[in-house]
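Here is the structure we will look at, set down as structure tokens.
2 protein chains.
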Amino acid sequence: MKVAEPTIERLVQYYRLLELLHEEGRRVVSSQEIGEMLSLKASQVRKDLSYFGEIGKRGVGYHVEKLYEHIKSILSTPRLWRIALVGVGRLGEALLGHKAFQSSKFKVLALFDVDPGKVGRSILGIPCYPIEKITDVLREQQVEILILTVPAAAAQGCVDRAVAAGTIRGILSFAQTAVIVPKSVLVYHVDIATELEKLLFFLKQLER
Amino acid sequence: MKVAEPTIERLVQYYRLLELLHEEGRRVVSSQEIGEMLSLKASQVRKDLSYFGEIGKRGVGYHVEKLYEHIKSILSTPRLWRIALVGVGRLGEALLGHKAFQSSKFKVLALFDVDPGKVGRSILGIPCYPIEKITDVLREQQVEILILTVPAAAAQGCVDRAVAAGTIRGILSFAQTAVIVPKSVLVYHVDIATELEKLLFFLKQLER
DNA sequence: TTTTGTGAAGTTTTTCACAGCG
DNA sequence: CGCTGTGAAAAACTTCACAAAA
Numbered sequence: 009m010k011v012a013e014p015t016i017e018r019l020v021q022y023y024r025l026l027e028l029l030h031e032e033g034r035r036v037v038s039s040q041e042i043g044e045m046l047s048l049k050a051s052q053v054r055k056d057l058s059y060f061g062e063i064g065k066r067g068v069g070y071h072v073e074k075l076y077e078h079i080k081s082i083l084s085t086p087r088l089w090r091i092a093l094v095g096v097g098r099l100g101e102a103l104l105g106h107k108a109f110q111s112s113k114f115k116v117l118a119l120f121d122v123d124p125g126k127v128g129r130s131i132l133g134i135p136c137y138p139i140e141k142i143t144d145v146l147r148e149q150q151v152e153i154l155i156l157t158v159p160a161a162a163a164q165g166c167v168d169r170a171v172a173a174g175t176i177r178g179i180l181s182f183a184q185t186a187v188i189v190p191k192s193v194l195v196y197h198v199d200i201a202t203e204l205e206k207l208l209f210f211l212k213q214l215e216r
Numbered sequence: 009m010k011v012a013e014p015t016i017e018r019l020v021q022y023y024r025l026l027e028l029l030h031e032e033g034r035r036v037v038s039s040q041e042i043g044e045m046l047s048l049k050a051s052q053v054r055k056d057l058s059y060f061g062e063i064g065k066r067g068v069g070y071h072v073e074k075l076y077e078h079i080k081s082i083l084s085t086p087r088l089w090r091i092a093l094v095g096v097g098r099l100g101e102a103l104l105g106h107k108a109f110q111s112s113k114f115k116v117l118a119l120f121d122v123d124p125g126k127v128g129r130s131i132l133g134i135p136c137y138p139i140e141k142i143t144d145v146l147r148e149q150q151v152e153i154l155i156l157t158v159p160a161a162a163a164q165g166c167v168d169r170a171v172a173a174g175t176i177r178g179i180l181s182f183a184q185t186a187v188i189v190p191k192s193v194l195v196y197h198v199d200i201a202t203e204l205e206k207l208l209f210f211l212k213q214l215e216r
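Below is the structure:
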């Protein structure tokens, strides 16, 4: 079964919304209502949800708890992912404390930084290593996913050394630059500056 | 002239790359080379760049400095945007110190938080107000753009009170929830948890 | 010759519209 | 009757392929 990327993105939205609705004691919800709450067309919601089998009831809607559990299983992980974070600056630390990182789907096993004040210590219970050791530590710890929160100029170097460990399968990069990786590595990019620029550009457009 | 959103996103990438190439003293670059450096097809690069007029030279490529200035003017702002940030937690503070926020395109005029330890003080030179005052302060300061770094549960309430000021035209939200706004307000969303979920989902898929 | 600019083709994603089921 | 599921149409976006310019 092949799922489009935008569908998975919306699936996470549905999941969060259903969690809320469930807490509120809501039993049933229609595609129309979901769409209104998430600013999506009802047909989009139905198409997304039907990719994974007929889960709604015609004439009724979707059973909140059932749909919630259904999406949960779609988004479930087969095992605990092993993660490392590179660049323990303000953004890196903010992420480590962020709600998105309180997940039972993965464990952050190692941090890396250049700052001698951070290296050797534990930060939020996670040991921080010097960046030079990244290849060895990633291999030893069998780390599969990298969170990249380093300055743009350092990003490619870090990625190259990380990928050299041979264990990395995915990277979530917050660096303000493109990185080149082997085809076997999946990269997702969160680009704060670009989102801001897009917002400013389209606001300017609207002004005319 | 109508520009697609993905094009603007890539334009920012081109801009950054050209800055680098310019610093390196590079005079000319081809769509092929740009594509290799950013993992894009050369045809995509050419199509993007040609939206804004014929800027390349056939048989030669693009003049680095000229193209740089050209994109700069496309991304330029007509005036200084007036911004406020809501939620001065770890993420909010990290953003304020982030490179993306050292821009001459806007000025952060006000912060808002619920924490009495933060309210009344100045943080990085920006005054922090209690969230209850948001409607009045935004109106007084004529704030047009909101950066939202509050917990999901607080997001809609903050947005409603901010929008009530009548000055808000765009929101960059880091909140892990959808927010409902009037059609006149443009919302961009940076969703760390969703990006992580997408990465995990497609890694899982690849495993089969 | 090289490399751009661009219609046309291809692909992906969204929306429509309605049959079909409860 | 109401609302889902889904083919078909439309829209958005990317890639191809080649004419045209330097």
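Chains as they are written, first to last, in the numbering used here: chain A, 9 to 216; chain B, 9 to 216.
Note that the Cβ used here is the ideal one computed from N, Cα and C, for glycine as well.
From a predicted model like this one, the values you see are computed outputs, not experimental measurements.
Straight-line CA distance for residue i to residue j?
i      : j      : result
A:I16  : B:F209 : 8 Å
B:D56  : A:Q213 : 17 Å
A:I63  : A:L28  : 19 Å
A:S111 : B:T202 : 12 Å
A:R24  : A:Y196 : 21 Å
B:P14  : B:V53  : 12 Å
B:Y137 : B:E148 : 13 Å
A:Y22  : A:M45  : 10 Å
A:E215 : B:T85  : 11 Å
A:V198 : B:V127 : 30 Å
B:T175 : B:E152 : 5 Å
A:L104 : A:E32  : 29 Å
A:D168 : B:V167 : 42 Å
A:V20  : A:S181 : 19 Å
A:A162 : A:E41  : 46 Å
B:L83  : A:H30  : 44 Å
A:A108 : A:L211 : 29 Å
B:I179 : B:R18  : 21 Å
A:L75  : A:L26  : 8 Å
Using only CA atoms, which one of the options lies nearest to residue i?
i      : options                        : result
A:E205 : A:V195, A:V72, A:Q184          : A:Q184
A:L154 : A:E140, A:D144, A:Q164, A:A170 : A:A170
B:Q150 : B:L88, B:E13, B:R66            : B:L88
B:D144 : B:F120, B:P14, B:V53           : B:F120
B:G134 : B:R90, B:T175, B:A108          : The question names Gly, yet the displayed sequence has Ile at residue 134 of chain B. Nearest option by C-alpha distance: B:R90.
B:S39  : B:L48, B:G33, B:E32, B:E31     : B:L48
B:K141 : B:L180, B:F109, B:V94, B:F182  : B:V94
A:A173 : A:E31, A:A162, A:F182, A:I139  : A:I139
B:K65  : B:V36, B:A108, B:L211          : B:V36
B:G125 : B:F109, B:A108, B:V96          : B:V96
A:R177 : B:R177, B:L207, B:G178, B:I179 : B:L207
Could you check how far apart the C-beta atoms of residue i and residue j are, in whole angstroms? I think they sit under 8 Å.
i      : j      : result
B:V4   : B:Y59  : Nothing in the structure corresponds to residue 4 of chain B, since chain B is present only between 9 and 216.
A:A92  : A:L146 : 6 Å
B:H106 : A:I200 : 6 Å
A:A50  : A:G61  : 19 Å between Cβ atoms; not a contact.
Take the Cβ of residue i as the centre, count every other Cβ of all protein chains shown within 10 Å, and call the residue buried at 16 or more, exposed below.
i      : result
B:R34  : exposed
B:G165 : exposed
B:G67  : exposed
B:R129 : exposed
Any heavy atom of the ligand PLP closer than 8 Å to the beta-carbon of residue i?
i     : result
A:L28 : Ligands in the displayed structure: none, and consequently the ligand PLP is not present.
Can you confirm whether the segment 114-125 of chain B touches the segment 186-203 of chain B when touching is taken to mean that 3 or more C-beta pairs between the two stretches lie within less than 8 Å? No: the two stretches stay apart, fewer than three of their Cβ pairs being nearer than 8 Å.
Does the structure place the segment 89-102 of chain B close enough to the segment 152-165 of chain B that three or more beta carbon pairs sit under 8 Å? At 8 Å Cβ cutoff, the stretches touch.
Do the segment 71-87 of chain A and the segment 70-90 of chain B make contact, defined as three or more Cβ pairs closer than 8 Å? Contact fails: fewer than three Cβ-Cβ distances are below 8 Å.
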